[in-house]
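> Attaching a single structure in structure tokens format; questions to follow.
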Amino acid sequence: MNYILFAVPFFFLLIALELLADRWRGTSTYRLGDALNSLSAGVLSTTSGLLTKGIGLVTYVFAWQHLALFELSAQSAWVWVFAFVFYDFCYYWNHRLGHERSILWAAHAVHHQSEEYNLSTALRQTSTGFLFGWIFYLPMAVAGVPPLVFLTVAALNLLYQFWVHTRHIPKLGWFEWVFISPSNHRVHHAQNPVYMDRNYGGVFILWDRLFGTFQEELDEEPVVFGVTVPLASWNPLWANLQVYAALWNDARRAGSWWDKLRIWFMRTGWRPADVAARYPLQKPDLATFRKFEVPLSRGRQWYAALQFAGYV
Ligand SMILES: [Zn+2]
Ligand SMILES: [Zn+2]
18 MNYILFAVPF
28 FFLLIALELL
38 ADRWRGTSTY
48 RLGDALNSLS
58 AGVLSTTSGL
68 LTKGIGLVTY
78 VFAWQHLALF
88 ELSAQSAWVW
98 VFAFVFYDFC
108 YYWNHRLGHE
118 RSILWAAHAV
128 HHQSEEYNLS
138 TALRQTSTGF
148 LFGWIFYLPM
158 AVAGVPPLVF
168 LTVAALNLLY
178 QFWVHTRHIP
188 KLGWFEWVFI
198 SPSNHRVHHA
208 QNPVYMDRNY
218 GGVFILWDRL
228 FGTFQEELDE
238 EPVVFGVTVP
248 LASWNPLWAN
258 LQVYAALWND
268 ARRAGSWWDK
278 LRIWFMRTGW
288 RPADVAARYP
298 LQKPDLATFR
308 KFEVPLSRGR
318 QWYAALQFAG
328 YV
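Written as structure tokens, this is what we have:
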């Protein structure tokens, strides 16, 4: 059963509510091009997922059948609670390395390219996460968590993450200590140096507090959303390829074979010395940061929105 697909109408309903909240409060957290780009990435991810999600499932079931150390039953309530928490622990490491290692960042970057932050950003999902993502959940199969339980807690984890993508909800007191919240996830989507590579949990922020990756949202440091190498495009296919293409180009230009090979597995941002010298990347200055925009007349905006609604 595909839980996420059933939730889609509620996603759109909540997006409509957030747009109304924008109206009432006189704020603007949406721009048409950006929102359509995020939703297009979501559509692409869902569509390609019909073919690619099988990889994660097949490897999981195989590992569960052949490597499981314990027989855990889907009938026991504690197995569900255990699986829910265990999944988030695996998610933490998948997500953390998704930021820290180049080849994994190439897949995950899609979720971070939006320079806005709203509920449409939540649906901005990668189409290539299937390549390596499955590896991080194999410990659950080895522990004996049945595939049905695994799939269900995975869907619940992803569903939970939807509501935190909003600027309308402030800090939530004690909640901030235990759970991922709108405030601590805004930090995660920031490109301010003080906020980078922080708050990786899916449901629980406890892992970040435990492993030293927690950062609180600070009043004196307003979040600038987006990535330091901007996508600067509304093309959802390019959104999925941009980082791979940059790594490929650097690998091609590198003089040494060792560099050509290791560039994929190095820390995100690492470049071979000869390539960095010949093709320098200028670090953007956040003080002069401007969001990517393509100015469109009202008529064209309506056309873009209607065409998008049609193909969805
Ligand atoms: Zn992330
Ligand atoms: Zn997010």
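Take the position in the sequence shown, starting the count at 1, then add 17; the result is the number in our numbering.
The beta-carbon is built from N, C-alpha and C at its ideal position, and this holds for glycine as well.
1. Ends of the alpha helix (DSSP H) at residue 157?
2. Please state whether the Cβ-Cβ distance between residue 312 and residue 54 is less than 8 Å.
3. Can you check which of these residues, 56, 205, 209, 211, is closest to residue 218 by C-alpha distance?
4. Using the C-alpha atoms, what's the distance from residue 196 back to residue 226?
5. Could you give the DSSP three-state label for residue 207: helix, strand or coil?
6. Can you check which of these residues, 267, 32, 329, 307, is closest to residue 277 by C-alpha distance?
7. Report the start-end ranges of each alpha helix (DSSP H) in the stretch 116–197 that is 4 residues or longer and not cut off at the edges.
8. Any heavy atom of ligand 1 inside 7 Å of the beta-carbon of residue 59?
9. Counting C-beta neighbours from all protein chains within 10 Å, is the total for residue 296 16 or more, i.e. buried, or is it exposed?
10. In terms of alpha-carbon separation, which member of 237, 239, 222 lies closest to residue 231?
11. What's the gap between the Cα of residue 190 and the Cα of residue 324?
12. Suppose you measure from the CA of residue 207 to the CA of residue 88; what does that come to, to the nearest Å?
13. Taking 7 Å as the cut-off, is the CB of residue 202 close to at least one heavy atom of ligand 1?
14. Whose CA, out of 79, 216, 70, 164, lies closest to the CA of residue 201?
15. For residue 308, I'd like the list of residues in its chain whose CB is within less than 7 Å of its CB, leaving aside the five on either flank, ordered along the chain.
16. Should residue 51 go down as buried or exposed, given a rule of 16 or more other Cβ atoms within 10 Å for buried?
17. According to DSSP, is residue 221 helix, strand or coil?
18. Are at least three pairs of beta-carbons, each pair with one atom in the stretch 118–134 and one in the stretch 256–265, less than 8 Å apart?
19. Measuring alpha carbon to alpha carbon, tell me which of 300, 315, 56, 42 ends up nearest residue 328.
20. Could you spell out the range, first to last residue, of the alpha helix (DSSP H) harbouring residue 266?
According to the structure data:
1. 155–160
2. no
3. 205
4. 11 Å
5. strand
6. 267
7. 119–125, 136–139, 155–160, 164–179, 192–195
8. no
9. exposed
10. 222
11. 42 Å
12. 42 Å
13. no
14. 216
15. 132
16. buried
17. strand
18. yes
19. 56
20. 253–270
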